[in-house]
Amino acid sequence: MTAKTEDSQVKLLIVDDNPDDRFLYKRLLEKVNGVHWSILESESGKDGLEICKNETPDCVLLDYILPDIDGLEFLLQLKNMAVSVPVIMLTGQGDETVAVLAMKEGARDYLSKDILTPVSLKRTILKSLASSRQPASSNWENKKKTELISEIQALEKKLAASTGIDALTGLPNRQSMLEKLDYEKCRFGRNGKSFAVVIADIDDLYSLCDPYGQETENELLTQVGQWLDLNSRRQDIVCHWGKKRFILMLPETELQGARFFIENLCEKIEHNKFTLNDQKTNLTLSFSVGIYDNARLKIEDCIQQADDGIT
1 MTAKTEDSQV KLLIVDDNPD DRFLYKRLLE KVNGVHWSIL ESESGKDGLE ICKNETPDCV
61 LLDYILPDID GLEFLLQLKN MAVSVPVIML TGQGDETVAV LAMKEGARDY LSKDILTPVS
121 LKRTILKSLA SSRQPASSNW ENKKKTELIS EIQALEKKLA ASTGIDALTG LPNRQSMLEK
181 LDYEKCRFGR NGKSFAVVIA DIDDLYSLCD PYGQETENEL LTQVGQWLDL NSRRQDIVCH
241 WGKKRFILML PETELQGARF FIENLCEKIE HNKFTLNDQK TNLTLSFSVG IYDNARLKIE
301 DCIQQADDGI T
């Protein structure tokens with residue numbers, strides 16, 4: 001296979017049955033400079049294998065969970081077809097066991113779908129293209145790949161910290177949230193389903209924490225962020241926007257649903273104890289909501305709409 005350089009064309013096959021996920025990958029790739037992507041798409045493993053056989057893509061982004069065969073079976077059948085194409089497995093966060101098995105079966109690398117960025121996609125794809133030229137015995141290669149799993153995880157965490165994850169709370173940061181809001185705005189353009197932006201401010205944070213110092217404040221911010229994340233719905237995104245403020249994005253949610261969500265959080269937080277300087281204490285949060293329900297709105301307008309409601 002001819003080595004790809006950063007200014008060359010890369011034929012990339014995306015195998016994923018979720019059209020929203022495929023759309024997201026393409027949006028991320030559009031933000032990569034120096035590479036022209038020729039995108040092929042498949043909704044099933046068997047169809048993806050046929051494309052590998054007939055189209056010979058330069059690289060494959062492969063979702064582990066598919067409607068007909070899983071990612072490991074895809075790798076096995078690809079190997080039996082004697083088609084040499086580097087495959088990058090897409091997994092959920094925490095699926096390191098799947099990643100190890102995938103790399104033993106021949107995957108060139110893996111990526112967590114939860115922390116994908118343009119930088120991580122480009123880095124991993126180009127690294128896979130470069131390494132596909134290097135011959136090695138399969139036993140040595142499998143052993144080396146397994147040994148490198150921990151290194152890859154460390155690199156992904158470091159990358160996430162610099163591109164999309166708030167270092168203090170472990171939640172998505174402001175830039176990551178803006179990207180997710182932009183993606184949800186594009187989804188609204190296709191399906192017309194509104195979404196809510198909820199702002200949560202910690203009441204009296206500074207007066208509570210000033211006697212104990214910055215470390216105590218940081219610990220409390222982390223606790224609140226984790227509590228919000230734990231008490232949100234699976235599809236919701238919680239981000240640390242900055243200082244004492246968090247923003248939550250609620251997909252496919254109208255105003256009434258957002259208000260019900262906020263009321264539920266207010267009721268739950270009344271019964272929750274947070275740790276402040278080794279003492280248990282109650283906290284309150286101030287909430288406000290903005291609704292994106294008009295294609296003419298800007299994301300900034302929706303955030304401002306919510307911000308105007310914070311007292």
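Using the UniProt record's numbering, the first residue of the sequence shown is number 1, and each one after it goes up by one.
Heads up, the beta-carbon is just placed ideally off N, CA and C, and yes, glycines get one too.
As the structure is a prediction and not an experimental result, all values here were calculated from the model.
Do you know offhand how far residue i's Cα is from residue j's?
{"i": "Phe287", "j": "Pro172", "result": "19 Å"}
{"i": "Asn218", "j": "Asp109", "result": "35 Å"}
{"i": "Ile299", "j": "Val32", "result": "22 Å"}
{"i": "Tyr206", "j": "Ala167", "result": "20 Å"}
{"i": "Gly309", "j": "Gln256", "result": "16 Å"}
{"i": "Thr281", "j": "His271", "result": "10 Å"}
{"i": "Lys143", "j": "Arg259", "result": "In this prediction, Lys143 scores a pLDDT of 47, lower than 50, which makes its location untrustworthy; the coordinate-derived value is nonetheless stated afterwards. Answer to the nearest angstrom: the Cα atoms are 53 Å apart."}
{"i": "Ile88", "j": "Asn277", "result": "45 Å"}
{"i": "Gln175", "j": "Gly164", "result": "7 Å"}
{"i": "Pro57", "j": "Val238", "result": "36 Å"}
{"i": "Ile65", "j": "Asp301", "result": "37 Å"}
I'd like to check one pair, residue j with residue i: are the Cβ atoms closer than 8 Å?
{"i": "Leu285", "j": "Asp229", "result": "no"}
{"i": "Leu44", "j": "Asp21", "result": "What sits at residue 44 in the sequence shown is Ser, not Leu. No."}
{"i": "Val10", "j": "Cys52", "result": "no"}
{"i": "Leu28", "j": "Pro86", "result": "no"}
{"i": "Ser38", "j": "Val15", "result": "no"}
{"i": "Ala130", "j": "Ile199", "result": "no"}
Name the residue from the options whose alpha carbon lies nearest to the alpha carbon of residue i.
{"i": "Ile291", "options": "Ile247, Gln223, Phe23 and Glu30", "result": "Ile247"}
{"i": "Cys266", "options": "Asp201, Phe23, Ser128 and Asp17", "result": "Asp201"}
{"i": "Val224", "options": "Lys273, Phe261, Phe260 and Arg234", "result": "Lys273"}
{"i": "Val100", "options": "Met81, Leu75, Leu116 and Arg233", "result": "Leu75"}
{"i": "Gly242", "options": "Met103, Arg234 and Met177", "result": "Met177"}
{"i": "Phe261", "options": "Lys122, Gln235, Val98 and Arg190", "result": "Gln235"}
{"i": "Glu105", "options": "Arg245, Gln77 and Leu283", "result": "Gln77"}
{"i": "Gly189", "options": "Thr97, Phe23 and Ser232", "result": "Phe23"}
Assuming residue i and residue j are in contact, meaning their beta carbons sit under 8 Å apart, how far apart are those beta carbons, in whole angstroms?
{"i": "Asp70", "j": "Leu90", "result": "Wrong, their Cβ atoms sit about 12 Å apart, outside the cutoff."}
{"i": "Thr222", "j": "Thr169", "result": "5 Å"}
{"i": "Leu40", "j": "Leu12", "result": "7 Å"}
For the region 207–219 and the region 291–306, state whether three or more C-beta atom pairs, one from each stretch, are separated by less than 8 Å.
Verdict: no, contact absent.
With a threshold of 8 Å, are at least 3 pairs of Cβ atoms found where one atom belongs to the region 248–260 and the other to the region 188–202?
Between the region 248–260 and the region 188–202, the count of C-beta pairs closer than 8 Å reaches three or more; the two stretches touch.
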